[in-house]
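Below is one structure; the comments refer to it alone.
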Amino acid sequence: MIDRADAERLDAADALRAWRDEFVIPDPDLIYLDGNSLGMTPRRTVAALRDAVERQWAGDLITSWWEHGWLDMPLDVGARLAPLLGAAPGAVAVHDSTTVGIFQLVNVALDLGTAARGGPVIAIDRSDFPTDRYVAEGVARLRGGEVRAGLDDLDGVDVVVRSMVDYRTAEIADVAAETARARAAGAETVWDLSHAVGVLDLDLPALGADLAVGCTYKFLNGGPGSPAFTYVAEHLHDRITQPIWGWFGQADQFAMDRPFDPRPGIGRLLNGTPGILGLVGAREGIAVTAEAGIAAIAAKARELTELGITIADQLGLETISPRAAERRGGHVAIRHADASRLHGELLARKVVVDKRDPDILRLGMSPLTTRFTDVFDALTTLAELTQQPSGER
Ligand SMILES: Cc1ncc(COP(=O)(O)O)c(C=O)c1O
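Take 6 as the starting number for the sequence shown in this note's numbering and just add one per residue.
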């Protein structure tokens, strides 16, 4: 039986425990298990944003585009993020939303395809994240194609859109095997790494993944709506075209009278003026993760989620996350018919988790901010709430 003293011992032995001090802790009693939705605020981000607003924007105004490197930030921040994907610095850009990135890369993948079979077929799992499904449908509609719901049969499929970590269960897809299976069927795969980046130790080239997108506001702690990343394997750069042509993707941006001529490299995925404040948040969050070390972070995520599953078992809570650590991302999903009520009551006790209707509670475990005792306390509180008769609530 695991008790609280065990969790305290794990915290005391945790090599990453000092990193929590790098974050703003708004209330010492708060148990925040929602960093898989919105990561906590790094202290350095507060200072960096203040500097970007006060010194750069307010002080240096328009010259900041050059003086403070604003023009290059999408690629600069991409280069800083790249090692977390195992990628070369020039293979990643940080810009726009994940939704926009999926739209761009699905089109990139379709244009890379050699098959001329008529309307394109885009395959996606029925239970994948809504924005991924919507984009697939939207692109199919635009290009006179169709969406195939389900990934079992890839015959005739041109592009697969797929999350690496299931946003509900945290199950990790076998990226290498699934990319190869799709490729053997003649399809490229666009991987959504939103729930993987910053919590799993990734090596996209080794996995054979050529196209990927993901959020920076979850485990990378980039801040609300911080821009997403797009990754394209370098060997494809000169062959890709993308559908949103804008001046930031133009080879000579300030040669105003030229027709569109895409920049070399990943920069051709850029389109309009980047949101600098969001990029500052992404840059700082990425820096914290990179400094702490993704291998140590991934290892702690496995320990935290392992502890969570063990305690949930002990308390009779139903978990739907994989039991094998190597198949599990950074959260633990608990299924309960009363999830909505429990979510609200946990919140009232300063335990923040998130809920995916109809019956799932997700406990996000962000290794830089989550303590083993947080996992113990949250699950204990949850189990108590499930036992309470309605009159005592
Ligand atoms: C798997 C996945 N993809 C995409 C998104 C969101 O995309 P966007 O940043 O465009 O809203 C989320 C948000 O939670 C997500 O979980």
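Glycine residues also receive a C-beta, built at the ideal position from the N, C-alpha and C atoms.
Under the three-state DSSP convention, the category residue i falls into
{"i": "PRO279", "result": "coil"}
{"i": "ARG307", "result": "helix"}
{"i": "LEU4", "result": "Because the chain in this structure spans residues 6 to 398, residue 4 falls outside the shown range and cannot be described."}
{"i": "LEU368", "result": "strand"}
{"i": "THR378", "result": "helix"}
{"i": "ARG333", "result": "strand"}
{"i": "ILE36", "result": "strand"}
{"i": "ASP262", "result": "coil"}
{"i": "LEU4", "result": "An answer regarding residue 4 cannot be provided, because it is not within the stretch 6 to 398 covered by the chain."}
{"i": "GLN485", "result": "Only positions 6 to 398 of the chain appear in the structure, and residue 485 is not among them; the question remains open."}
{"i": "ALA286", "result": "Inspection of the sequence shows that residue 286 is occupied by Gly rather than by Ala. Three-state result, GLY286: helix."}
{"i": "LEU387", "result": "helix"}
{"i": "ALA192", "result": "coil"}
{"i": "LEU21", "result": "coil"}
{"i": "GLY298", "result": "coil"}
{"i": "GLY313", "result": "helix"}
{"i": "LEU351", "result": "helix"}
{"i": "GLY272", "result": "helix"}
{"i": "ARG398", "result": "Any answer about ARG398 is weak, because its pLDDT of 45 lies below 50 and its placement is not dependable; what the coordinates show is given next. It is coil, neither helix nor strand."}
{"i": "ASP160", "result": "coil"}
{"i": "GLN393", "result": "coil"}
{"i": "PHE318", "result": "One detail in the question is off: residue 318 reads as Asp in this sequence, not Phe. In this structure, ASP318 counts as helix in the three-state DSSP scheme."}
{"i": "LEU66", "result": "helix"}
{"i": "VAL202", "result": "coil"}
CA-to-CA distance, residue j to residue i, given in whole angstroms
{"i": "VAL180", "j": "ARG273", "result": "26 angstroms"}
{"i": "PRO33", "j": "THR294", "result": "22 angstroms"}
{"i": "THR391", "j": "ALA17", "result": "30 angstroms"}
{"i": "PHE108", "j": "ALA141", "result": "8 angstroms"}
{"i": "ALA92", "j": "ILE245", "result": "18 angstroms"}
{"i": "ILE291", "j": "ARG376", "result": "20 angstroms"}
{"i": "LEU15", "j": "LEU110", "result": "42 angstroms"}
{"i": "SER371", "j": "LEU38", "result": "8 angstroms"}
{"i": "ILE325", "j": "ARG333", "result": "11 angstroms"}
{"i": "ILE177", "j": "TRP24", "result": "26 angstroms"}
{"i": "GLU296", "j": "GLU350", "result": "36 angstroms"}
{"i": "LEU387", "j": "ALA87", "result": "38 angstroms"}
{"i": "GLU27", "j": "ALA190", "result": "47 angstroms"}
{"i": "ALA154", "j": "ALA128", "result": "6 angstroms"}
{"i": "VAL29", "j": "SER345", "result": "28 angstroms"}
{"i": "ARG131", "j": "VAL164", "result": "15 angstroms"}
{"i": "ARG398", "j": "GLY123", "result": "Note that ARG398 has pLDDT 45, beneath the 50 cutoff, so the model's placement of it is unreliable and no number is given."}
{"i": "GLY143", "j": "PRO248", "result": "13 angstroms"}
Per DSSP, cross-strand counterpart(s) of residue i
{"i": "THR235", "result": "ALA98 and VAL218"}
{"i": "ASP197", "result": "SER168 and VAL218"}
{"i": "PRO47", "result": "PHE28"}
{"i": "LYS360", "result": "LEU366"}
{"i": "ILE177", "result": "VAL170"}
{"i": "GLU323", "result": "ARG340"}
{"i": "PRO267", "result": "GLN255"}
The alpha helix (DSSP H) enclosing residue i, as first and last residue numbers
{"i": "ASP137", "result": "135-147"}
{"i": "ILE245", "result": "Counting along the chain, ILE245 falls outside any alpha helix (DSSP H), and DSSP gives it neither H nor E."}
{"i": "GLY106", "result": "103-117"}
{"i": "ASP343", "result": "Unbroken run through ASP343: none, as it is neither H nor E."}
{"i": "ALA17", "result": "9-18"}
{"i": "LEU86", "result": "78-86"}
{"i": "GLU72", "result": "69-72"}
{"i": "ALA211", "result": "209-212"}
Host beta strand (DSSP E) of residue i (start-end)
{"i": "VAL180", "result": "Taken as a continuous stretch (DSSP letters only), VAL180 belongs to no beta strand (DSSP E), being part of the alpha helix (DSSP H) at 180-189."}
{"i": "ARG154", "result": "Checking the sequence shown, residue 154 turns out to be Ala, not Arg. Segment 151-154, the beta strand (DSSP E) holding ALA154."}
{"i": "VAL126", "result": "126-129"}
task: Specify whether the region 50-60 and the region 169-177 touch according to this definition: at least 3 beta carbon pairs, one from each stretch, less than 8 angstroms apart.
output: Because the criterion of three Cβ pairs below 8 angstroms is not met, the region 50-60 and the region 169-177 do not touch.
*asked:* Is it the case that the region 332-350 contacts the region 366-382, given that we only count it when at least three CB pairs across the two stretches are under 8 angstroms?
replied: Verdict: yes, contact present.
### Message
Across the region 347-361 and the region 30-49, are there enough close Cβ pairs to call them in contact, namely three or more that are closer than 8 angstroms?
### Response
Yes, since at least three Cβ pairs between the region 347-361 and the region 30-49 fall closer than 8 angstroms, the two stretches touch.
ask   = Taking one C-beta from the region 56-75 and one from the region 277-290 each time, how about it: are there three or more such pairs within less than 8 angstroms?
value = Touching, yes.
- [ ] Mind the definition here: the region 94-105 touches the region 230-249 only if three or more C-beta pairs lie below 8 angstroms; say whether that holds.
- [x] The region 94-105 vs the region 230-249: in contact.
**Prompt:** Counting Cβ pairs, one atom from each stretch, are 3 or more of them under 8 angstroms apart for the region 299-308 and the region 257-268?
**Reply:** No contact exists between the region 299-308 and the region 257-268.
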